[in-house]
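All remarks here apply to the structure that follows.
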């Protein structure tokens, strides 16, 4: 493990071997960088563009020790820190049933809380800020996008507020409407 002020960075390389009938058991997600890929600068908090969004418990990747949130550093010996999502997916597919990956897991350092953190020079604290900002911006914009998509798929959300307001005024026929609404939500 590398200790980098606020973060503990654990690096591991694993060989995944799967059968024809199964997948490697993880979902890869491309971090949405605010800058073009070639300008992406790895930081302790955000060491690569691609990371594991989820890992199937008990699957090939899980058994090899990969976990949700691991950042992908190498695929079959090739550095993928600044490589785009589609290209990385193709590299994984080209390996067939065998996949060698190097990942890093980044966790906050629990020893650096409060009193300890004050001893860190301001400058080094600032260095990690853009990475955190980048990550939260990315997540926020993704959530907003999801919200828009959800709104388009289920226009019923717009009506929810009206339903509540009408019920308060005691107008009839609302409960049937609410059940109908819930039915639609389940089907989406």
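Residue numbers (full-length UniProt numbering): 1 to 188.
Beta carbons are placed, not taken as given, at the ideal position from N, Cα and C, and that holds for glycine.
Since the model is a prediction, treat every value here as computed from it, not as a measurement.
> Does DSSP classify residue 109 as helix, strand or coil?
Replying inline: Shown here, residue 109 sits in coil according to DSSP, grouped into three states, outside any helix or strand.
message: Within the continuous beta strand (DSSP E) that includes residue 67, where are the two ends?
response: It is not in any beta strand (DSSP E) - residue 67 carries neither H nor E in the DSSP assignment.
| task | Check whether the segment 69–82 touches the segment 94–105, taking contact to mean three or more Cβ pairs, one atom from each stretch, closer than 8 Å. | result | Short answer: they touch.
Discussion item. Less than 7 Å between C-beta atoms, sequence neighbours within five positions excluded: which residues of the same chain meet that for residue 64?
Written reply: If we look at residue 64 and ignore the five residues flanking it on each side, its Cβ neighbours are 14 and 16.
Straight-line CA distance for residue 101 to residue 94?
Each residue's alpha carbon lies about 13 Å from the other.
Who are the near neighbours of residue 11 in its chain, counting only those whose CB is closer than 6 Å to its CB and skipping five residues on each side? Only 104 meet the Cβ criterion.
Taking the Cβ atom as the reference point for each residue, do residue 40 and residue 49 lie within a distance shorter than 9 Å? Taking 9 Å as the cut-off, the Cβ atoms of residue 40 and residue 49 count as close.
Span of the alpha helix (DSSP H) around residue 37 | Element bounds for residue 37: n/a, residue is neither H nor E.
Buried or exposed: which applies to residue 121, given that a residue is buried once 16 or more other Cβ atoms fall within 10 Å of its Cβ?
With a pLDDT of only 47 at residue 121, under the threshold of 50, the placement of this residue in the model should not be trusted, and no figure is reported.
inquiry  = Suppose contacts are defined by Cβ-Cβ distances below 9 Å. Is residue 24 in contact with residue 83 by that definition?
reply    = Residue 83 sits away from residue 24, with the two beta carbons spaced by 9 Å or more.
- Query: What residue from 18, 29, 7 and 20 has the CA that sits closest to residue 88's CA?
  - Reply: Distance from the Cα of residue 88 is smallest, within the candidate group 18, 29, 7 and 20, for 29.
Inset, instruction - Keeping to the same chain, check which residues put their C-beta closer than 7 Å to that of residue 92; ignore five residues upstream and five downstream. - result: Hits under 7 Å: 75 and 99.
Exercise. May I ask which residues mark the beginning and end of the alpha helix (DSSP H) holding residue 83?
Key: Premise fails: residue 83 is in no alpha helix (DSSP H) and is neither H nor E.
Closest by CA to residue 46, which one among 57, 81, 56 and 22? Minimum Cα distance to residue 46 is reached at 81.
Rounded straight-line distance, which links the Cα of residue 56 to that of residue 62
Roughly 6 Å between the two C-alpha positions.
>> At the level of alpha carbons, what is the spacing between residue 77 and residue 110?
In response: Taking the CA atoms as reference points, residue 77 sits about 32 Å from residue 110.
Checklist line | Residue span of the beta strand (DSSP E) that contains residue 11, given as start and end | finding: Residues 7–17.
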